[in-house]
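When the letters of the sequence shown are read in order and numbered with my numbering, they come out as residues 106 to 386. This report refers to the structure that appears directly beneath it.
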Amino acid sequence: METVLCHLQELTDQQIQAIQTLESAQQKENLYYKLDPKAFEKKSPHYQHFLYFEDTELKGYLSASTFDGVEIEASILTNNNQEIAIILIDSLVSYAKEQEMKRILFISDRKDPIIPDLIKKYAGAFSFTEYRLNFDPANFNQADYSPLVLQSASQEDRKLLYRLDHEGFSPQDKLIYDQKKIETLEIEGNYIAYLDHEIVGKIKLDHFQGIIGIYGVVIASEWQGQGLGRALLNQGIQLAINQTFQKLYLEVDSQNARALKLYLSAGFYQEAIFDYYELDL
């Protein structure tokens, strides 16, 4: 039996199909994975792919992404084969060290029978938990009127998007404009929310083959507490409905009870629990 380990930045259609087949087999076992749809679209310095083949059959896949040059997020599919998982993890660790990364965040379905224990053997420590939520259109009640207007973000909105992301996800930290991060910030799929011509927030929708992910639902700090979060989410959902989708999902930190309550009330339901394990390099 011939075994091959490939490290790629861009995938062929055949390789993407093989990964999706592997993922589907795991989903039948009620195991889920955090795979960024954008990683499959085109060559990008943000994404790395590690594929393990036995003869010509894909037996293991590791998806890695980084946007700050400091931390890598990784998800591993191996059909519960620990030996293959170790090969993939070792390859990623070697690559991360070569790139002088500081840490790796491994993401695992809480029900995964091998990955959590395996990461702990690498001295990886539990960091936090995130819920994957899927949308059920039957439970969505769209209000007839919304006070918000959404406009697609442009290149000129990079600094604004950076500030809003900071307010939404790191409000406890001092805002420091990092020009490198601002320049690499992805614009596509971002929408700016306006109320009477005032900027009040943002939302991002990622698309891939009929799958849409909602990311970065943020209301500016001075506009919070006025029900605009629900209005923004509803309009994001309506955008997805208008574009047609097979699956609409989002993810939320398990500690963010307020956001979780909002999402569940808007027609989402819990599909999976992802635990993050941090490995310092």
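Idealized CB from N, CA, C, for every residue including glycine. As the structure is a prediction and not an experimental result, all values here were calculated from the model.
Thinking just about the alpha-carbon of each residue, which of the options is nearest to the one in residue i?
{"i": "SER259", "options": "GLN125, GLN343, GLN360, GLY294", "result": "GLY294"}
{"i": "ALA364", "options": "ILE316, LEU238, GLN314, ALA345", "result": "LEU238"}
{"i": "LEU333", "options": "ALA345, ALA362, LEU344, TYR299", "result": "TYR299"}
{"i": "PHE155", "options": "ASN135, LEU136, ALA201, GLY174", "result": "ALA201"}
{"i": "PHE245", "options": "ASP311, ASN339, GLY165, PHE211", "result": "ASN339"}
{"i": "THR126", "options": "LYS164, LEU193, GLU203, LEU113", "result": "LYS164"}
{"i": "ALA130", "options": "ASP141, ILE212, GLU178, ASN185", "result": "ASN185"}
{"i": "GLY273", "options": "LYS309, ILE317, LEU253, PHE211", "result": "LYS309"}
{"i": "LYS226", "options": "LEU353, GLN284, GLU356, ILE194", "result": "ILE194"}
{"i": "GLU178", "options": "GLU203, LEU197, ILE192", "result": "LEU197"}
{"i": "ALA243", "options": "ALA371, GLN375, ALA377", "result": "ALA371"}
{"i": "HIS312", "options": "LYS143, ILE124, ALA123, GLN114", "result": "LYS143"}
In terms of residue numbering, what span does the alpha helix (DSSP H) encompassing residue i cover?
{"i": "ALA201", "result": "187-203"}
{"i": "SER129", "result": "118-132"}
{"i": "ILE219", "result": "That residue, ILE219, is in no alpha helix (DSSP H); it is neither H nor E in DSSP."}
{"i": "ILE287", "result": "284-289"}
May I have the straight-line CA-CA distance separating residue i from residue j, to the nearest angstrom?
{"i": "VAL305", "j": "THR183", "result": "43 Å"}
{"i": "TYR138", "j": "GLN329", "result": "32 Å"}
{"i": "GLU176", "j": "LEU110", "result": "23 Å"}
{"i": "ILE297", "j": "TYR368", "result": "20 Å"}
{"i": "ILE219", "j": "ASP118", "result": "29 Å"}
{"i": "ILE224", "j": "PHE373", "result": "30 Å"}
{"i": "GLN256", "j": "ASP270", "result": "17 Å"}
{"i": "SER251", "j": "ILE319", "result": "19 Å"}
{"i": "GLU327", "j": "PHE158", "result": "52 Å"}
{"i": "ALA345", "j": "VAL322", "result": "14 Å"}
{"i": "GLU134", "j": "GLU235", "result": "20 Å"}
{"i": "ILE121", "j": "ASP385", "result": "30 Å"}
{"i": "LEU136", "j": "SER180", "result": "12 Å"}
{"i": "THR108", "j": "LYS286", "result": "38 Å"}
{"i": "GLN187", "j": "ASN361", "result": "33 Å"}
{"i": "GLU288", "j": "LYS352", "result": "30 Å"}
{"i": "LEU116", "j": "LYS147", "result": "8 Å"}
{"i": "GLY229", "j": "GLN247", "result": "43 Å"}
{"i": "GLU162", "j": "LYS366", "result": "42 Å"}
{"i": "PHE211", "j": "ARG335", "result": "31 Å"}
{"i": "ALA190", "j": "GLU128", "result": "15 Å"}
{"i": "SER168", "j": "HIS112", "result": "10 Å"}
{"i": "LEU290", "j": "GLU261", "result": "12 Å"}
{"i": "GLU205", "j": "TYR267", "result": "25 Å"}
{"i": "GLN114", "j": "VAL254", "result": "37 Å"}
Can you say whether residue i is buried or exposed, counting buried as having 16 or more other CB atoms within 10 angstroms of its CB?
{"i": "HIS302", "result": "exposed"}
{"i": "MET106", "result": "exposed"}
{"i": "ARG215", "result": "exposed"}
{"i": "GLN153", "result": "buried"}
{"i": "GLY341", "result": "buried"}
{"i": "ASP222", "result": "exposed"}
{"i": "PHE231", "result": "exposed"}
{"i": "TYR382", "result": "buried"}
{"i": "ASP380", "result": "buried"}
{"i": "ASP173", "result": "exposed"}
{"i": "THR349", "result": "exposed"}
{"i": "SER199", "result": "exposed"}
{"i": "TYR166", "result": "buried"}
{"i": "ASP241", "result": "exposed"}
What does DSSP give as the partner residue(s) for residue i in the beta ladder?
{"i": "ILE378", "result": "TYR236"}
{"i": "GLY332", "result": "Paired residues: none, contrary to the question."}
{"i": "PHE350", "result": "In the DSSP output, where bridge partners are listed per residue, PHE350 has none listed."}
{"i": "LYS143", "result": "DSSP output for LYS143 lists no bridge partner at all."}
{"i": "ARG208", "result": "GLU176, ASP385"}
{"i": "HIS271", "result": "According to DSSP, HIS271 bridges with nothing at all."}
{"i": "PHE373", "result": "PHE240"}
{"i": "PHE231", "result": "TYR382"}
List the endpoints of the continuous beta strand (DSSP E) containing residue i.
{"i": "SER370", "result": "Unbroken run through SER370 is the alpha helix (DSSP H), 362-370; no beta strand (DSSP E)."}
{"i": "ILE324", "result": "316-324"}
{"i": "HIS154", "result": "152-159"}
{"i": "GLN260", "result": "No beta strand (DSSP E) holds GLN260; DSSP gives it neither H nor E."}
{"i": "LYS307", "result": "303-313"}
{"i": "TYR299", "result": "295-300"}
{"i": "LYS164", "result": "162-170"}
{"i": "THR108", "result": "108-113"}
What I want to know is whether the C-beta of residue i ends up closer than 6 Å to one or more non-hydrogen atoms of the ligand SAM.
{"i": "ALA201", "result": "The model on display carries no ligand, and the ligand SAM is accordingly not part of it."}
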